[in-house]
Structures are given as C-alpha cells and as structure tokens.
Amino acid sequence: MLRASGCRVWDARGREYVDYVMALGAVALGYGHPAVSRAAEQAIAAGVVGPLPPVLEEQLADALAMRIPWLESVRFLKTGAEAVAAAVRLARVATGRERVLGCGYHGWLDWSQGGEGVPATTRALYAEIPFNDVEGTQALIREAGDRLAVVVVEPVVVVEPTREWLDVLRQETTRVGAVLVFDEIKTAFRLAIGGAAERYGVRPDLTVLGKAMANGFPLAVVGGRADLMSGVARTWISSTLATESVALAAAQATLETFAHEDVCGHLHRMGTRLLHGLHRLHRKHADAVTGVGGVAEMCFLHFASETVSRNLARACAAQGLLFKRTAYNFVSLAHDEETIDRTLEILEDVLGAIGA
Numbered sequence: 001m002l003r004a005s006g007c008r009v010w011d012a013r014g015r016e017y018v019d020y021v022m023a024l025g026a027v028a029l030g031y032g033h034p035a036v037s038r039a040a041e042q043a044i045a046a047g048v049v050g051p052l053p054p055v056l057e058e059q060l061a062d063a064l065a066m067r068i069p070w071l072e073s074v075r076f077l078k079t080g081a082e083a084v085a086a087a088v089r090l091a092r093v094a095t096g097r098e099r100v101l102g103c104g105y106h107g108w109l110d111w112s113q114g115g116e117g118v119p120a121t122t123r124a125l126y127a128e129i130p131f132n133d134v135e136g137t138q139a140l141i142r143e144a145g146d147r148l149a150v151v152v153v154e155p156v157v158v159v160e161p162t163r164e165w166l167d168v169l170r171q172e173t174t175r176v177g178a179v180l181v182f183d184e185i186k187t188a189f190r191l192a193i194g195g196a197a198e199r200y201g202v203r204p205d206l207t208v209l210g211k212a213m214a215n216g217f218p219l220a221v222v223g224g225r226a227d228l229m230s231g232v233a234r235t236w237i238s239s240t241l242a243t244e245s246v247a248l249a250a251a252q253a254t255l256e257t258f259a260h261e262d263v264c265g266h267l268h269r270m271g272t273r274l275l276h277g278l279h280r281l282h283r284k285h286a287d288a289v290t291g292v293g294g295v296a297e298m299c300f301l302h303f304a305s306e307t308v309s310r311n312l313a314r315a316c317a318a319q320g321l322l323f324k325r326t327a328y329n330f331v332s333l334a335h336d337e338e339t340i341d342r343t344l345e346i347l348e349d350v351l352g353a354i355g356a
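Numbering (our numbering), first residue to last: 1 to 356.
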C-alpha cells in the first residue's frame with residue numbers, strides 16, 4: 001500500500017481501491033481522518049514518550065468512563081491480544097482460580113490457543129463454550145464451578161447473540177463466582193461506542209476495547225469493575241509504550257468525533273444497505289454464494305468453495321474493490337450510499353462472470 005484516505009487505498013503502482021477491510025476493522029472514521037491526524041501530529045510535537053505518564057492517559061480514561069460508565073477503572077495497552085490476556089490475569093488474581101472458558105477469537109497468546117508451541121498444561125486450562133447455545137453454555141459453566149476463573153466471549157460471532165444466551169452468561173458466572181469478560185475489540189465503536197454491552201444491555205465485569213477506538217492507531221484497553229482492576233497492584237501488567245501519547249491523542253480525538261457525529265448510526269445505515277445487497281446477491285447467485293453472515297456493521301459472504309472465494313477476491317481487486325473473502329467486511333464513516341451501490345454493482349458483475 002502506498003497511501004490511504006477515507007475508504008480508499010492506493011497500491012504501490014498507484015491503483016485505487018475502495019476498501020472494506022479497513023485495517024481489519026481498526027478504522028471506523030476513515031483513513032486519515034482530519035481531527036485524528038491533527039491530534040496525532042500535536043502529540044508527536046509535544047513528545048511521544050517520557051519519564052512520567054502523560055496527562056492524556058488520565059484525560060482519556062475519564063472520557064471513556066463518562067461514555068461507558070461500567071469502565072470504573074482502565075488500563076491501557078497496545079494490542080487487543082495483550083488486553084484480553086490482562087483481563088484473564090486480573091480474573092485469576094481476583095478469584096484465585098485458573099480455568100478459563102472462551103468463545104470467539106481472543107488473539108494469538110498461549111492462554112487461548114491450542115496450536116503447536118503451546119504447553120499442554122496451558123491448553124488444559126482453556127475450553128470453548130458454544131456461541132448462542134444456552135444449555136451447552138450453562139452446562140460448561142456449572143461443570144467448571146468453583147475452578148472457573150473467567151468466561152471470555154466475543155458477544156458477536158458470525159451472528160447476533162440472543163438475549164437469553166447473554167443473560168445465561170451473566171447469571172451463571174455470577175452464580176459460580178467467576179468473572180465475565182466481553183471481548184469488544186471488534187464491536188465497540190461500531191455496534192455502539194460501548195459495543196455489544198451497550199446495544200444488548202448486558203453488563204460484563206471487565207471489558208476489552210481496541211481497534212476502532214483510536215481509528216487505526218495502536219491502542220487497547222482493559223477496564224471494568226474497580227475491585228477487579230485493583231488487582232494490577234498484585235500482579236504485573238505493563239508495557240513500555242502502553243501510554244505513548246500519539247495513540248492516546250488519536251483515541252481522544254476519535255471519541256470526540258463520536259460525540260459530535262452519529263458515527264455508529266452511519267455505520268449501521270451503510271452496513272444495512274450493504275447487507276441487504278449481499279442478501280440479494282445470495283438469492284440470485286446461490287450456486288456461488290451459499291450464505292451471508294455477520295451484522296450490518298461487520299458482514300461477510302459464505303462461498304461454495306475456496307476457488308470461488310479466491311476468484312471473486314481477485315476479480316473485485318481488478319475492478320478496484322478490496323472485499324474480504326474469508327472474514328468480516330467493515331464500513332466506515334467515509335463510505336456513502338453511492339460507494340455502497342457501486343460496490344454491489346461490482347460484486348454483481350463479478351458473480352455473474354464467475355457463474356457464466
């Protein structure tokens with residue numbers, strides 16, 4: 001990539017593309033948003049790091065707590081993977097337990113992964129709970145019982161959660177004395193500023209934010225109940241560049257933009273327009289497109305085969321469209337109706353050619 005602006009990117013040869021990858025959802029306002037860029041430039045001029053915590057750290061923490069009141073205390077880190085791992089650490093500190101149940105993707109660190117290089121003793125402490133499966137979730141939490149430290153979930157995985165499932169998560173973790181963590185890395189600052197917890201009205205004990213919070217600048221947050229967050233004094237959660245001022249300034253400017261503009265409303269409207277179009281394409285090209293997944297703010301297509309998905313991605317790129325073939329596509333404040341409609345026209349042309 002050579003540069004990016006709004007919802008468009010240019011490659012090394014100068015070719016322009018409309019983008020729905022949006023840095024894997026890390027950009028909600030559009031690339032190079034003026035207010036965010038100005039704030040970052042001012043922070044650079046003032047000094048990126050220093051011997052003491054920047055004033056911006058406290059200012060941003062207060063701003064987040066005002067907008068997301070269940071964030072009684074927060075800790076800034078650089079990546080979502082770090083922040084979710086910190087939430088798990090804090091839950092273990094608070095409960096004195098080790099077992100973890102999870103649902104969704106929570107980063108590449110050992111505690112939630114089962115691939116090569118992860119010790120068997122670490123893998124044994126983690127198990128997956130089934131998304132939206134009330135009985136299965138209830139059974140796993142009750143089985144873990146007083147060995148369970150924490151349940152970590154992505155509140156949206158492919159489809160929306162049912163209120164019944166979210167209520168079971170809240171009730172059962174409370175019943176066994178475990179901590180409930182919402183991994184809102186993708187959903188916060190998209191579904192709502194406070195993510196799925198705000199949209200669906202179920203409050204976790206700890207929340208993890210990241211991605212769009214700083215509109216593409218590297219920043220993540222773990223926050224929630226003050227009594228749980230106080231556990232940082234009993235363990236070690238730190239990073240040299242966790243509170244460098246540029247990302248903090250970018251996040252502050254992002255939050256201010258959300259306060260002055262109906263960003264989430266725009267994302268929902270444009271995402272709904274795109275999602276409805278994808279459903280039409282599915283009905284018309286059912287041999288190639290086997291389904292539509294996600295929600296308005298983050299959606300994707302299911303394809304009949306790897307060959308179809310690969311050919312579609314290549315053909316779209318040839319027509320100036322970057323459309324993710326194996327994961328979520330994201331809209332931004334920079335996507336408008338004309339852009340969405342042109343996107344659907346390109347997808348129609350490409351699917352027609354694939355099926356010809």
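Even for Gly, the Cβ is constructed at its ideal location relative to N, Cα and C.
Item to check | Between the CA atoms of arginine 15 and glycine 352 - distance to the nearest angstrom | outcome: 24 Å
Item to check | Euclidean distance between Cα positions of proline 51 and glycine 223 | outcome: The straight-line gap separating the alpha-carbon atoms of proline 51 and glycine 223 is approximately 24 Å.
Next on the checklist: Would phenylalanine 258 and isoleucine 185 qualify as a contact pair, given that the criterion is a beta-carbon distance under 8 Å?
Outcome noted: no
Checklist entry - Which residues in the same chain as aspartate 110 place their Cβ atom closer than 6 Å to its Cβ, once the five residues preceding and following it in sequence are excluded? => result Val118 and Thr122
Next on the checklist: Does the structure place the stretch 153 to 172 close enough to the stretch 96 to 107 that three or more beta carbon pairs sit under 8 Å?
Outcome noted: yes
Next on the checklist: Helix, strand or coil, according to DSSP, for glycine 32 in the structure here?
Outcome noted: Of the three classes helix, strand and coil, the one that applies to glycine 32 here is coil, per DSSP.
Item to check | Among Val331, Glu345, Ile346 and Ala196, the one whose alpha carbon lies nearest that of leucine 24 | outcome: Val331
Next on the checklist: Assuming leucine 71 is part of the beta strand (DSSP E), what are its boundary residues?
Outcome noted: Taken as a continuous stretch (DSSP letters only), leucine 71 belongs to no beta strand (DSSP E), as it is neither H nor E.
Item to check | Environment of arginine 89 [buried if 16+ CB atoms lie within 10 Å] | outcome: buried
Checklist entry - Roughly how far, in whole angstroms, is the beta-carbon of alanine 247 from the beta-carbon of proline 218, given that I think they are within contact range, below 8 Å? => result 6 Å
Item to check | Per-residue burial, tryptophan 165 [other beta carbons within 10 Å of its own, 16 or more giving buried] | outcome: buried
Checklist entry - Does DSSP classify arginine 3 as helix, strand or coil? => result strand
Checklist entry - Out of curiosity, what's the CA-to-CA distance linking arginine 234 and valine 93? => result 7 Å
Next on the checklist: Looking at the secondary structure, which residues open and close the beta strand (DSSP E) in which methionine 298 lies?
Outcome noted: From DSSP, the beta strand (DSSP E) with methionine 298 extends over 298 to 303.
Checklist entry - Who does phenylalanine 330 pair with in a DSSP beta bridge? => result Met298
Checklist entry - How many whole angstroms separate the CB atoms of methionine 229 and serine 73, which I take to be in contact at a CB cut-off of 8 Å? => result 4 Å
Checklist entry - Hey, arginine 190 and glutamate 297: beta-carbon distance below 8 Å or not? => result yes
Checklist entry - Does the separation of the CB atoms of valine 179 and alanine 251 fall below 8 Å? => result Not closer than 8 Å, so no.
Checklist entry - Comparing alpha-carbon positions, which option in Tyr20, Leu29 and Leu2 lies nearest histidine 266? => result Leu29
Next on the checklist: So alanine 81 and glycine 107 are supposed to be a Cβ contact under 8 Å. How far apart are they, rounded?
Outcome noted: 3 Å
Item to check | Reference alanine 149; option with closest CA among Gly96, Thr243 and Glu337 | outcome: Gly96
Next on the checklist: If contact is defined by three or more beta carbon pairs under 8 Å, each pair taking one atom from either stretch, is the stretch 323 to 342 in contact with the stretch 5 to 19?
Outcome noted: yes
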